[in-house]
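Residue numbers for the sequence shown, in our numbering: 1260 to 1532.
Structure, as structure tokens:
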Amino acid sequence: MAEKEKRIELTKKDITKTWAFWMLFQRMSQCFERYYGLGVCITLIPVLKKLYPRKSDLSQALTRHMVTFMTDPGFGAGIIGLIVAMEEEKANGAEIPDEMINSIKTGLMGPSAGFGDALNSATMASIFRALFIPFALAGSIAGLLGAVCIFLWFHGVAFVSMHFGYSKGKESIASILSSGKMGNLMTGAGILGAFMMGVMTTNYVKLGVAPEWTLATGSVLNLQNTLDGIMPGLLPTALVLGCYMYLRKGGKIVHSILAIIVIAIIGCILGIF
């Protein structure tokens, strides 16, 4: 009887190293196409090398984590911890599709960003500044402690979140795998991911039309208000879906960008936008 392949186990040291990489490299290459995607990929290199000794498997895993990702660095570390737990199970033979990993990342980054930005950036950072700015204005070196406290707070939250996400994620994944509910999880993660992409579309894609007409009654008919009455965010959604369908059919990103620029210029000249 063949000897059972030895399970690859990650340690707390591995998770701590992942946290250190996350804090160092999360924003190493921030762009509108992937946001923190490359930073996530770099963050996961140490654990992925341990989980996937074969070069082909490692290459596939790294490519898997080059997708768009953007969230609060503090609580978002919990998502990275969860993803590490999923990769550990996948590397040890669990049937976890790539789509499920990315759907969970996409679905959780929105709530994490909303809660994290409100607590960390808007609340705690402001409190530390309010406490220590008076010292700085008085010429005291103690004013520098405000920046130190903000630094320690963000890194501390990320450290706890990373380990919590990994430990709890590992327990949850083991439970789901044993219960046979992987299909339900994939469906739910896909729906949540699609929902969050819709939210991002309305927040980051701005497109409106300018035409309006004065009717015989004296009232003004505004085309943009009419479209918003049909469906708020109709034009941005149509633009994103159009670009998505074009790229799905093998279109090039550069061509789509150039087309949008040309249409925008012509539309502005004609008074459409």
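Heads up, the beta-carbon is just placed ideally off N, CA and C, and yes, glycines get one too.
>> So if DSSP puts V1479 in a beta bridge, which residue, or which two residues, is it bridged to?
In response: Within the DSSP secondary-structure output, V1479 pairs in a beta bridge with T1473.
> Which stretch, first to last residue, makes up the alpha helix (DSSP H) that contains C1290?
Replying inline: Unbroken run through C1290: none, as it is neither H nor E.
>> Using a Cβ distance threshold of 8 Å, determine whether the region 1347-1367 contacts the region 1377-1385, with at least three qualifying pairs required.
In response: Flag = no, the region 1347-1367 and the region 1377-1385 do not touch.
>> With a threshold of 8 Å, are at least 3 pairs of Cβ atoms found where one atom belongs to the region 1299-1318 and the other to the region 1270-1284?
In response: In this structure the region 1299-1318 touches the region 1270-1284; the number of beta carbon pairs closer than 8 Å is three or more.
> Would you say Y1425 and A1518 are within 7 Å of each other, going by their C-beta atoms?
Replying inline: No.
> In whole angstroms, what separates the C-alpha of P1491 from that of S1399?
Replying inline: The alpha-carbon separation between P1491 and S1399 amounts to approximately 52 Å.
>> Mapping the DSSP letters down to three states, classify F1328 as helix, strand or coil.
In response: F1328 falls in the strand class under three-state DSSP.
> Relative to the alpha-carbon of L1482, which residue among L1403, I1531 and R1266 has its alpha-carbon at the smallest distance?
Replying inline: Taking only the C-alpha atoms, the option nearest L1482 is I1531.
>> Taking DSSP's pairing of strands, which residues face A1505 in a bridge?
In response: Per the sequence shown, residue 1505 should be read as Tyr rather than Ala. Answer by DSSP bridge pairing: none, since Y1505 is not bridged.
> Can R1388 and G1405 be called in contact, C-beta distance under 7 Å?
Replying inline: Between R1388 and G1405, the C-beta gap is smaller than 7 Å, which places the two residues in contact.
>> Which residue marks the beginning of the alpha helix (DSSP H) containing L1269, and which one marks its end?
In response: Counting along the chain, L1269 falls outside any alpha helix (DSSP H), and DSSP gives it neither H nor E.
>> According to DSSP, simplified to helix, strand and coil, what is A1497?
In response: DSSP places A1497 in helix when its eight states are reduced to three.
> Since L1317 is in the alpha helix (DSSP H), which residue starts that stretch and which ends it?
Replying inline: Where L1317 is concerned, the enclosing alpha helix (DSSP H) stretches over K1314 to R1323.
> Is the region 1495-1514 touching the region 1473-1481, taking contact as three or more C-beta pairs under 8 Å?
Replying inline: Under the Cβ criterion (8 Å, minimum of three pairs), the region 1495-1514 does not count as touching the region 1473-1481.
> In whole angstroms, what separates the C-alpha of A1377 from that of R1266?
Replying inline: About 40 Å.
> Nearest to Y1463 by alpha carbon, out of T1485, W1278, P1332 and Y1294?
Replying inline: Residue Y1294 is the option with its Cα nearest to Y1463.
>> Quick check on the DSSP output: the alpha helix (DSSP H) that includes N1361 runs from which residue to which?
In response: D1357 to G1375 is the extent of the alpha helix (DSSP H) around N1361.
> Looking at the structure shown, is F1295 part of a helix, part of a strand, or coil, going by DSSP?
Replying inline: The residue asked about is misnamed: residue 1295 is Tyr in this sequence, not Phe. In the structure shown, Y1295 sits in coil (DSSP, three-state: anything other than H, G, I, E or B).
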